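**Student:** Numbering (my numbering), first residue to last: 8 to 237.
Before anything else, here's the structure in question.
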Amino acid sequence: MAVIPLVLAAPLPGVAAVNPVPDEHLNPEGGSGYTAKEAVHAKHFMLATANPLATEAGYEILRRGGSAVDAIIAAQMVLNLVEPQSSGIGGGAFLVYYDKRHKVLTTFDGRETAPAAATPQRFMKDGKLLPFRASVNSGLSVGVPGVLRALEMAHREYGKLPWADLFKPAIKLAEDGFHVSPRLHTMISKSNGLSSQKAASAYFLDASGRPWPVGHLLKNPALAQVFREI
Numbered sequence: 008m009a010v011i012p013l014v015l016a017a018p019l020p021g022v023a024a025v026n027p028v029p030d031e032h033l034n035p036e037g038g039s040g041y042t043a044k045e046a047v048h049a050k051h052f053m054l055a056t057a058n059p060l061a062t063e064a065g066y067e068i069l070r071r072g073g074s075a076v077d078a079i080i081a082a083q084m085v086l087n088l089v090e091p092q093s094s095g096i097g098g099g100a101f102l103v104y105y106d107k108r109h110k111v112l113t114t115f116d117g118r119e120t121a122p123a124a125a126t127p128q129r130f131m132k133d134g135k136l137l138p139f140r141a142s143v144n145s146g147l148s149v150g151v152p153g154v155l156r157a158l159e160m161a162h163r164e165y166g167k168l169p170w171a172d173l174f175k176p177a178i179k180l181a182e183d184g185f186h187v188s189p190r191l192h193t194m195i196s197k198s199n200g201l202s203s204q205k206a207a208s209a210y211f212l213d214a215s216g217r218p219w220p221v222g223h224l225l226k227n228p229a230l231a232q233v234f235r236e237i
């Protein structure tokens, strides 16, 4: 049986060279609850992700004859849509792949890196450290994403299905919509600075500024277009 854990990918945490203030909510985000699950068994493969929709996407790829890497890519794109606070193409990742036939273990390093123009003074102004929020909640702390590059390299070596096919499940969900999960609702509610970000608040909050409730049908056609271009 092949066990396929999803590639770990997370948004780039703030890398500001300042000490965090106690009341700041930082990545990686904490737990939002616990749900007991029964043990399951499989004869041929097993795929586990943080969201059932992502698991279903990966399973469909495997059912069509795709490889483990193909399934990981499809699942990762869905996670980008349904759990954007935790995982996505704007961050970094490590991917560990074991080729059982040839008994070869390969690691793909897709962690984000600092921009080429970054300097030690990036988080300084007039000789003083910038306020924490000014450093983290801005483009200053954003690194160069590595998730897509790592997935591309893994697909070139171990993929079976066409690259574009692996984005179709996420594109369909982004256009047709998905239901806001309890976890996504909780994480939106905990994001105190969301209302100050125009594009993010327009997507995650209703007209009155409240987080979309659990079960709300959320669509993201703009992300679907990004996936098409990729």
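Cβ atoms here follow ideal geometry from the backbone N, Cα and C, with glycine treated the same way.
Fair warning: this is a prediction, and the values are worked out from it, not measured in the lab.
Please give the ranges of any alpha helix (DSSP H) in the stretch 151-180, keeping only runs that are unbroken, at least 4 residues long and fully inside the region.
**Tutor:** Taking only runs of at least 4 residues, the alpha helix (DSSP H) segments lying wholly in the stretch 151-180 are 154-165.
**Student:** At 4 residues or longer, what runs of the alpha helix (DSSP H) sit wholly inside the stretch 107-147?
**Tutor:** Listed in chain order, they are 139-143.
**Student:** For residue 99, does the three-state DSSP call read helix, strand or coil?
**Tutor:** Within the sequence shown, the letter at position 92 stands for residue 99. Residue state, collapsed to three classes: strand.
**Student:** Compute the distance between the beta-carbons of residue 220 and residue 192, then report whether it is under 8 Å.
**Tutor:** Residue 220 sits at position 213 when you count from the first residue of the sequence shown. Residue 192 sits at position 185 when you count from the first residue of the sequence shown. In this structure, residue 192 lies closer than 8 Å to residue 220 by Cβ.
**Student:** Within its chain, find whatever has a CB closer than 7 Å to the CB of residue 15; leave out the 5 residues flanking it on each side and keep chain order.
**Tutor:** Translated into positions along the sequence shown, residue 15 becomes position 8. Bear in mind that a pLDDT of 41 at residue 15, under 50, signals an unreliable position, so the number given afterwards is only what the model happens to contain. The answer, listed in chain order, is 100 and 101.
**Student:** Between which two residues does the alpha helix (DSSP H) holding residue 191 run?
**Tutor:** Within the sequence shown, residue 191 is the residue found at index 184, counting from 1. 189-197 is the span of the alpha helix (DSSP H), which, as asked, contains residue 191.
**Student:** Of the residues 87, 65, 66 and 93, which one's Cα is nearest the Cα of residue 38?
**Tutor:** As a first step, residue 38 must be located in the sequence shown, where it is residue number 31. Residue 93 is the option with its Cα nearest to residue 38.
**Student:** What three-state label does DSSP hand residue 214 in the structure shown?
**Tutor:** Here residue 214 refers to the residue found at position 207 when the sequence shown is read from its first residue. Three-state DSSP puts residue 214 in coil, outside helix and strand.
**Student:** Are the beta-carbon atoms of residue 156 and residue 98 separated by less than 8 Å?
**Tutor:** Here the question's residue 156 lines up with position 149 in the sequence shown. Here the question's residue 98 lines up with position 91 in the sequence shown. For residue 156 and residue 98, no; Cβs fall outside 8 Å.
**Student:** Put residue 105 into one of helix, strand or coil per three-state DSSP.
**Tutor:** Within the sequence shown, residue 105 is the residue found at index 98, counting from 1. Note: residue 105 maps to strand in three-state DSSP.
**Student:** Hey, how far is the Cα of residue 76 from the Cα of residue 162?
**Tutor:** Numbered from 1 along the sequence shown, position 69 holds the residue referred to as residue 76. Numbered from 1 along the sequence shown, position 155 holds the residue referred to as residue 162. Cα to Cα, the separation comes out at about 6 Å.
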